[in-house]
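Peer 1:
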Amino acid sequence: LPTRVLDVGTPKSGDSVRLIVTAGACGYWVALSHCWGEKENHPLKTTRKNISEHLTRIDMSSLPKTFQDAVVTTRALGFRYLWIDSLCIVQDDEEEWRNESHKMATIYEHAVLTLAASAAKDSKQGLFVERPYGKIKYPSTQLPFIKRDPQTGENNTLGEYSISLDWRQEPFMEHMDPMFSPIYRRGWCTQEFILSRRIIHFLDEGMMWVCKERAVDETGHFVLAAKRHSDPDWATEWHKIITDHSVRDFTFESDRLVSLDGLAREVAKAENNSCKLEEYFYGTWLSDVPESILWASYRAHDRETACPSWSWAS
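So for the sequence shown, this note's numbering puts the first residue at 15; every next one is plus one.
Structure (C-alpha cells):
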C-alpha cells in the first residue's frame, strides 16, 4: 500500500472516512485521477495542521463532490482503500511532497483500478454528470474494422464499431474520447494514464473502460483493441510521450519534469532497453540525444524554468 490511504470502509460505513498510515501493510487500493482546477476551487487538502484530524475522521460532507463519488464507487466495487493525492500527501510539507511525488508512478501502476474524473474541470463537479435522455444509446450491431498487413497479407482486427440508428462519429469523438476531456490537459495525467492497469473514465456522455487489452464504452458501442508491444522501442515511444506531455498544463511549472520522473524509472527497468536511469537528464536520454534535441515549439510562451535551453522542457 502507499504511505497513506483513505479507509472508506464498506457500503454501510456511513458518512465518514479516515486517513490511515499503512506502515508497509499490503492490500488493494483504488486511485483517483482528477483536475484540481483554479486555485479558488482547489480540493480539500491534508496539511500539517489538520493531519491529526484526518487520521481520526473526515466527514463525507466536507469532501468535494468528486471525492464523495470516488468513495461511493470504491465502496460499491468492494474495495476498502482509496488514494487521492491532495489527501494522502501532506501538501505543505515540501520534503514529504518531494519524496511522495517520486512514488506516484508506482501508486498508479499498482492500483487495482484508477477512477478518472475526466469530464470535471475541478473537484466540485463529481464523477457522474447528468445526461439528456436523448443521448442514451440504442441497441446496435457490431462491425469489425480490419487492416490488411501488406507484407503477410493477413487481416488484423483493430477493433469494432457498433452501428445503430443514433450512430454519429463527431459527437462520439468529442464526448466519449478522454483526449477531448478537461483532464487530458492536466500534466500529471501523462504517467497516470500510461501506467495505470485499468482506468474508468467518467465522461460527458458515459463511462469508458481502458486497460492493456482494449478500450470500450459503457454500452459496448465502441471497442478498440489496445496495442501491445513485447519489445517496444522506448526511444520512439518517449518522443511520443514528451510531445504529448509538453503541451499539458501545470499549476507549478517546476512539476513538468518531476511528473515524468516515475515514468522514466519504469522505462529504465524495461528489458532490452538502451535507456538507463543514470543517463536521464532534463527529460532526455543520453542514448537519444541527437534526436531529442531536434525539437521546435509550436507556440510562444513566457514560462520560466531551470532547464537548459536545449531541453524540450525549457
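Ideal placement from N, C-alpha and C gives every residue a C-beta, glycine not left out.
When you compare only the Cα positions, how much space is there between Val-19 and Cys-102?
Peer 2: Numbered from its first residue, the sequence shown carries residue 19 at position 5. Numbered from its first residue, the sequence shown carries residue 102 at position 88. C-alpha separation (whole angstroms): 6 Å.
Peer 1: Could you have a look at Leu-96 and say whether DSSP puts it in helix, strand or coil?
Peer 2: As a working note, residue 96 is residue 82 in the sequence shown. If DSSP states are grouped into helix, strand and coil, Leu-96 belongs with the strands.
Peer 1: Please classify Cys-225: does DSSP put it in a helix, a strand, or coil?
Peer 2: Taking the first residue of the sequence shown as 1, we reach residue 225 at position 211. The answer is strand: DSSP assigns Cys-225 an E or B state.
Peer 1: Measure the C-alpha to C-alpha separation of Trp-202 and Ser-273 and round it to an integer number of angstroms.
Peer 2: For the purposes of this step, residue 202 is taken as the residue at position 188 of the sequence shown. For the purposes of this step, residue 273 is taken as the residue at position 259 of the sequence shown. Near 6 Å, if we compare the C-alpha coordinates of Ser-273 and Trp-202.
Peer 1: My assumption, with CB atoms under 8 Å, is that Cys-321 sits in contact with Ser-328. Please give the rounded CB distance.
Peer 2: As a working mapping, residue 321 is identified with position 307 in the sequence shown. As a working mapping, residue 328 is identified with position 314 in the sequence shown. Right, the Cβ-Cβ distance comes to about 4 Å (below 8 Å), so this counts as a contact.
Peer 1: For Thr-80 versus Leu-33, is the C-beta spacing smaller than 9 Å?
Peer 2: As a working note, residue 80 is residue 66 in the sequence shown. As a working note, residue 33 is residue 19 in the sequence shown. The answer is no: Cβ separation not under 9 Å.
Peer 1: Between the Cα of Arg-71 and those of Val-31, Gly-51, Ala-39, Glu-206, spot the shortest distance and give me the residue it belongs to.
Peer 2: As a working note, residue 71 is residue 57 in the sequence shown. The option with the nearest alpha carbon to Arg-71 is Val-31.
Peer 1: Under a three-way DSSP split, which group does Gly-276 fall into?
Peer 2: For the purposes of this step, residue 276 is identified with residue 262 of the sequence shown, where counting begins at 1. Three-state result, Gly-276: helix.
Peer 1: Would you list, in sequence order, the uninterrupted beta strand (DSSP E) runs of no fewer than 3 residues that lie entirely inside the segment 103–137?
Peer 2: Listed in chain order, they are 127–130.
Peer 1: Give the DSSP-derived three-state secondary structure of Tyr-198 in the structure shown.
Peer 2: Here residue 198 is taken as the residue at index 184 of the sequence shown, counted from 1. Of the three classes helix, strand and coil, the one that applies to Tyr-198 here is helix, per DSSP.
Peer 1: Buried or exposed: Arg-145, going by 16 or more other Cβ atoms within 10 Å of its Cβ?
Peer 2: Working through the sequence shown from its first residue, we reach residue 145 at position 131. Flag for Arg-145 reads exposed.
Peer 1: Whole angstroms are fine: how far does the CA of Asp-83 sit from the CA of Met-1?
Peer 2: Only positions 15 to 328 of the chain appear in this structure, which leaves residue 1 out of reach.
Peer 1: Let's test the definition: count the other Cβ atoms within 10 Å of the Cβ of Ala-284 and tell me whether it reaches 16, buried, or not, exposed.
Peer 2: The residue given as residue 284 occupies position 270 in the sequence shown. Exposed, since its Cβ has fewer than 16 Cβ neighbours within 10 Å.
Peer 1: Tell me the residue span of the beta strand (DSSP E) that contains Arg-18.
Peer 2: Along the sequence shown, one-based indexing puts residue 18 at 4. Counting along the chain, the beta strand (DSSP E) containing Arg-18 begins and ends at 18–21.
Peer 1: With Glu-301 and Glu-292 assumed to form a contact (beta carbons below 8 Å), what rounded beta-carbon distance in angstroms separates them?
Peer 2: Along the sequence shown, one-based indexing puts residue 301 at 287. Along the sequence shown, one-based indexing puts residue 292 at 278. The identity of residue 301 in the sequence shown is Ser, whereas the question assumes Glu. Between Glu-292 and Ser-301 the Cβ distance is about 11 Å, and since that is not below 8 Å, they are no contact.
Peer 1: From the DSSP output, which residues share a beta bridge with Phe-216?
Peer 2: Position 202 of the sequence shown, counted from the start, is the residue given in the question as residue 216. According to DSSP, Phe-216 bridges with Met-221.
Peer 1: Return the CA-CA distance between Leu-141 and Ala-282, expressed in angstroms with no decimal places.
Peer 2: Within the sequence shown, numbered from 1, the residue matching residue 141 stands at position 127. Within the sequence shown, numbered from 1, the residue matching residue 282 stands at position 268. One C-alpha to the other measures close to 34 Å.
Peer 1: So, does the segment 121–130 touch the segment 50–69, judging by three or more C-beta pairs under 8 Å?
Peer 2: Taking 8 Å as the limit for Cβ pairs, the verdict is that the segment 50–69 does not touch the segment 121–130.
Peer 1: Which of the three DSSP states is assigned to Ala-327 in this structure?
Peer 2: Within the sequence shown, numbered from 1, the residue matching residue 327 stands at position 313. Ala-327: coil per DSSP, three-state reduction.
Peer 1: With a cut-off of 8 Å on the beta carbons, I'd call Ser-27 and Leu-58 a contact; round off their distance for me.
Peer 2: As a working note, residue 27 is residue 13 in the sequence shown. As a working note, residue 58 is residue 44 in the sequence shown. About 19 Å separates the two Cβ atoms, so there is no contact after all.
Peer 1: Exposed or buried, which one is Glu-184 when buried takes at least 16 other CB atoms within 10 Å?
Peer 2: As a first step, residue 184 must be located in the sequence shown, where it is residue number 170. For Glu-184, the predicted structure reports a pLDDT of 43, less than 50, and the residue's modelled location is therefore unreliable. A value from the coordinates is still provided. Label assigned to Glu-184: exposed.
Peer 1: Ignore the nearest five residues each way along the sequence and tell me which others in Arg-279's own chain have a CB closer than 7 Å to its CB.
Peer 2: On the sequence shown, position 265 is the one that residue 279 refers to. So the list reads Ala-119, Leu-291, once near-sequence residues are dropped.
Peer 1: Keeping to the same chain, check which residues put their C-beta closer than 6 Å to that of Ser-210; ignore five residues upstream and five downstream.
Peer 2: Here residue 210 refers to the residue found at position 196 when the sequence shown is read from its first residue. Taken in chain order, the residues that qualify are Tyr-122, Thr-128.
Peer 1: Within 9 Å of any Cβ in chain D, is that where the Cβ of Ser-75 sits?
Peer 2: Among the protein chains of the structure shown there is no chain D, as only one such chain exists.
Peer 1: So, are the CB atoms of Thr-87 and Val-143 less than 9 Å apart?
Peer 2: The sequence position of residue 87 within the sequence shown is 73, counting from 1. The sequence position of residue 143 within the sequence shown is 129, counting from 1. Not in contact: Thr-87 and Val-143 (Cβ atoms no closer than 9 Å).
Peer 1: Just to confirm before moving on: does the CB-CB distance between Ala-130 and Ile-208 stay below 9 Å?
Peer 2: Translated into the one-based positions of the sequence shown, residue 130 becomes position 116. Translated into the one-based positions of the sequence shown, residue 208 becomes position 194. No, these two residues do not count as a Cβ contact at 9 Å.
Peer 1: Output the boundary residues of the beta strand (DSSP E) element that contains Ala-84.
Peer 2: Here residue 84 corresponds to residue number 70 of the sequence shown, with the count starting at 1. Careful: Ala-84 lies outside any beta strand (DSSP E), inside the alpha helix (DSSP H) at 79–90.
Peer 1: I'd like the span of the beta strand (DSSP E) that includes Val-35, first residue to last.
Peer 2: On the sequence shown, position 21 is the one that residue 35 refers to. It spans 30–35 - the beta strand (DSSP E) in which Val-35 sits, taken as one unbroken run.
Peer 1: From this set, Pro-25, Glu-305, Arg-94, Asn-113, which residue's C-alpha is nearest Gly-41's C-alpha?
Peer 2: Counting from one through the sequence shown, the residue named residue 41 turns up at place 27. Among Pro-25, Glu-305, Arg-94, Asn-113, the Cα nearest to that of Gly-41 is on Arg-94.
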